[in-house]
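Data first, discussion second: the structure below is written as structure tokens.
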């Protein structure tokens, strides 16, 4: 390898059209250890952050990707002449339910939202934000839904664990799995 | 304009999928003179050249474009060689038929698609998406096709059973209130 | 001067309920059911008057509200009523608020192609040498779409399956009975999930009609939206053992 590892990785990231993980990069640069690659990625990330350019290297969807800083979106949108990615509120709510409750059945999503979500599931599947994870062993063998990798990419998430925690439903002996810091007394005003 | 012109132009060049000329950029940043834009482009070009990164801003026939330095192309090519390719529409349709109708004979696929599929079957076999499951006990002992394991991997399916059934597909399409990027009709009266 | 009635369109029943709770400035943990129910129903009336389709989802919650309201007239213990309000109304609302907030949080993030942008595949790099075990860039939905396209091109009934098996009504009735024995009850469409051709589909359907006609299978639909359900009414599981295809199916034969 006649070039510095950091710059080789930079070149790969620059020419890629999706986030690259240390593992993938290792596939192309097998002469380097994954640890070294990971280290180089971290350094690149910090370096670009410090440089104050219009783009940075971001860790997203279990990989790294160069992205413009958010302040530049008005100009980029002008150029691309596209309307920004937009999800309707129902779609966003449905997506949130799937993200937080996956694996989940359509029936369960509908119970939580109180409305039919067939059309919305179709949209989310088409946009590649959700995926079918399998079938549940129930009558009718219903499909099980979960988020797809694209969800992490679009919503700037490193992985599913970095989803912001759901806010608490305070008190009342809720048998929810999220048990958090000291429940405060009833009739909580949310934000 | 609340950002330095140079960085705005940098962001545009970064996100563009083709070279940009000063004239084009002026079209999106009409509050700036073309001379200023040209000047900023020159400065960016010189700046990147001096920075010694793996990519530079190059002036090519149609304008300016970020490109990796030639010394890095062996690595980039390694990556591109294994980059995703798309399936042609006929190939996708053929694959869909095999997925949903397997085990299936070539003759039957051709009846459904109305065209010869010999070449497509070969491609799909090469890509490892389909496999030959055996021969049918008919005159000529025709081959029987089905999907291969790689098919499940590519489509992120746990098993064949997770392929949505026709009825479920219809269900998705049923409720049309979630088509475009705009908010759904039922919600657009809000605010 | 605006119009007197400004009609918000709500995404769903929970949305409307929340709106009413906010409008009345009441506590979500202490909902005045009678008031809220009346307002909820009045809202549905307005929607109907304006010829807006009131979706079934709204009606389900309406009936829950009415049910609770009517029970409050009964001398049930107060605690019991509060428990019911909490379980049927407050709890789903809290859960809904929580997920709605989560949706808002998601939307506040730096979204790709809205707030931030990645590089597009530079075309000068594309097409420089390809294949060698390339990955595939397709998603499931493209596959489904492809299949739908094919199916839509074809007239119903022309769909030929290479499966040469010919199904008889008798065989299908046996299969249905076996299914019902195993599961007790099944959904209508489950009958057809394995059918590979239109003709097989039709045979399954005929077999079902036959079974219903002979009173061996009961067919019912729990609610308007739900799928039709089939249950066995042929004496059931005690004689499970070896009844396989002799007992009932003998009758079916004629």
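Residue numbers (the working numbering), protein chains in the order written: chain G, 7 to 197; chain B, 7 to 197; chain C, 973 to 1226.
Virtual Cβ for every residue (Gly too), placed ideally from N, Cα, C.
Quantities reported herein were computed from a predicted structural model and do not represent experimental measurements.
Chain C within 9 Å of residue i, Cβ atoms only
{"i": "residue 197/G", "result": "Legend: pLDDT at residue 197/G = 35, less than 50; position of this residue unreliable, no value from coordinates given."}
{"i": "residue 103/B", "result": "yes"}
{"i": "residue 51/B", "result": "no"}
{"i": "residue 98/G", "result": "yes"}
{"i": "residue 106/G", "result": "yes"}
{"i": "residue 46/B", "result": "no"}
{"i": "residue 111/G", "result": "no"}
{"i": "residue 126/B", "result": "no"}
{"i": "residue 162/G", "result": "yes"}
{"i": "residue 175/B", "result": "yes"}
Test: residue i CB closer than 9 Å to a CB of chain G
{"i": "residue 188/B", "result": "In this prediction, residue 188/B scores a pLDDT of 34, lower than 50, which makes its location untrustworthy; the coordinate-derived value is nonetheless stated afterwards. Chain G, which has a Cβ nearer than 9 Å to the Cβ of residue 188/B, makes this yes."}
{"i": "residue 170/B", "result": "yes"}
{"i": "residue 14/B", "result": "yes"}
{"i": "residue 1071/C", "result": "yes"}
{"i": "residue 983/C", "result": "yes"}
{"i": "residue 88/B", "result": "yes"}
{"i": "residue 1162/C", "result": "yes"}
Closer than 9 Å to chain B by CB, residue i
{"i": "residue 1092/C", "result": "yes"}
{"i": "residue 9/G", "result": "yes"}
{"i": "residue 1119/C", "result": "yes"}
{"i": "residue 115/G", "result": "no"}
{"i": "residue 33/G", "result": "yes"}
{"i": "residue 282/G", "result": "Absent from the model: residue 282/G. The displayed extent of chain G is 7 to 197, so no value can be given."}
{"i": "residue 56/G", "result": "no"}
{"i": "residue 154/G", "result": "yes"}
{"i": "residue 22/G", "result": "yes"}
Continuous alpha helix (DSSP H) stretch holding residue i: start and end
{"i": "residue 1204/C", "result": "No alpha helix (DSSP H) contains residue 1204/C, which is instead part of the beta strand (DSSP E) from 1201 to 1204."}
{"i": "residue 1003/C", "result": "Element bounds for residue 1003/C: n/a, residue is neither H nor E."}
{"i": "residue 95/G", "result": "95 to 107"}
{"i": "residue 1032/C", "result": "1028 to 1043"}
{"i": "residue 51/B", "result": "40 to 57"}
{"i": "residue 117/G", "result": "112 to 119"}
{"i": "residue 1054/C", "result": "1050 to 1057"}
{"i": "residue 198/G", "result": "The requested residue 198/G is not part of the displayed model; chain G covers only 7 to 197."}
{"i": "residue 1067/C", "result": "1063 to 1079"}
{"i": "residue 34/G", "result": "28 to 34"}
{"i": "residue 88/B", "result": "Counting along the chain, residue 88/B falls outside any alpha helix (DSSP H), and DSSP gives it neither H nor E."}
{"i": "residue 1082/C", "result": "Counting along the chain, residue 1082/C falls outside any alpha helix (DSSP H), and DSSP gives it neither H nor E."}
{"i": "residue 169/G", "result": "Unbroken run through residue 169/G: none, as it is neither H nor E."}
{"i": "residue 24/B", "result": "No alpha helix (DSSP H) contains residue 24/B, which DSSP labels as neither H nor E."}
{"i": "residue 985/C", "result": "985 to 995"}
{"i": "residue 37/G", "result": "Unbroken run through residue 37/G: none, as it is neither H nor E."}
Run of the beta strand (DSSP E) containing residue i, from where it starts to where it stops
{"i": "residue 78/B", "result": "Run containing residue 78/B: none; DSSP gives neither H nor E here."}
{"i": "residue 153/G", "result": "149 to 153"}
{"i": "residue 1157/C", "result": "1157 to 1159"}
{"i": "residue 137/B", "result": "136 to 141"}
{"i": "residue 61/G", "result": "61 to 66"}
Distance CB(residue i)-CB(residue j) smaller than 9 Å
{"i": "residue 993/C", "j": "residue 1065/C", "result": "yes"}
{"i": "residue 75/G", "j": "residue 1075/C", "result": "no"}
{"i": "residue 78/B", "j": "residue 35/G", "result": "no"}
{"i": "residue 135/G", "j": "residue 156/G", "result": "yes"}
{"i": "residue 32/G", "j": "residue 45/G", "result": "no"}
{"i": "residue 1008/C", "j": "residue 1031/C", "result": "no"}
{"i": "residue 1203/C", "j": "residue 1189/C", "result": "yes"}
{"i": "residue 68/B", "j": "residue 12/B", "result": "no"}
{"i": "residue 126/G", "j": "residue 151/G", "result": "no"}
{"i": "residue 149/B", "j": "residue 140/B", "result": "yes"}
{"i": "residue 1176/C", "j": "residue 93/G", "result": "no"}
{"i": "residue 989/C", "j": "residue 1061/C", "result": "yes"}
{"i": "residue 1003/C", "j": "residue 1044/C", "result": "no"}
Min CB distance residue i to chain E below 9 Å
{"i": "residue 159/G", "result": "The chain inventory of the structure shown lacks chain E, comprising the protein chains G, B and C."}
For the segment 60 to 85 of chain B, which residues have a CB atom closer than 8 Å to at least one CB atom of chain G, in sequence order?
60, 61, 72, 74, 75, 77, 78, 81, 82, 84 and 85
When Cβ atoms are compared, which residues of the segment 137 to 148 of chain G fall closer than 8 Å to chain B?
137, 138, 139, 140, 141 and 147
Would you check if the segment 159 to 167 of chain B and the segment 112 to 132 of chain B touch, i.e. whether three or more CB-CB distances between them fall below 8 Å?
no
Would you check if there are 3 or more beta carbon pairs closer than 8 Å linking the segment 1073 to 1092 of chain C to the segment 7 to 25 of chain G?
yes
Which residues, taken in chain order from the segment 1076 to 1089 of chain C, show a beta carbon closer than 9 Å to some beta carbon of chain G?
1076, 1077, 1078, 1079, 1081, 1082, 1083, 1084, 1085, 1086, 1087, 1088 and 1089
Could you say if the segment 99 to 106 of chain B and the segment 44 to 56 of chain B meet the contact criterion of at least three C-beta pairs nearer than 8 Å?
no
Interfacial residues, the segment 1147 to 1158 of chain C to chain G, with Cβ spacing under 9 Å:
1155, 1157 and 1158
Contact set between the segment 1043 to 1074 of chain C and chain G, restricted to residues whose Cβ is under 7 Å from the partner
1066, 1067, 1068, 1069, 1070, 1071, 1072, 1073 and 1074
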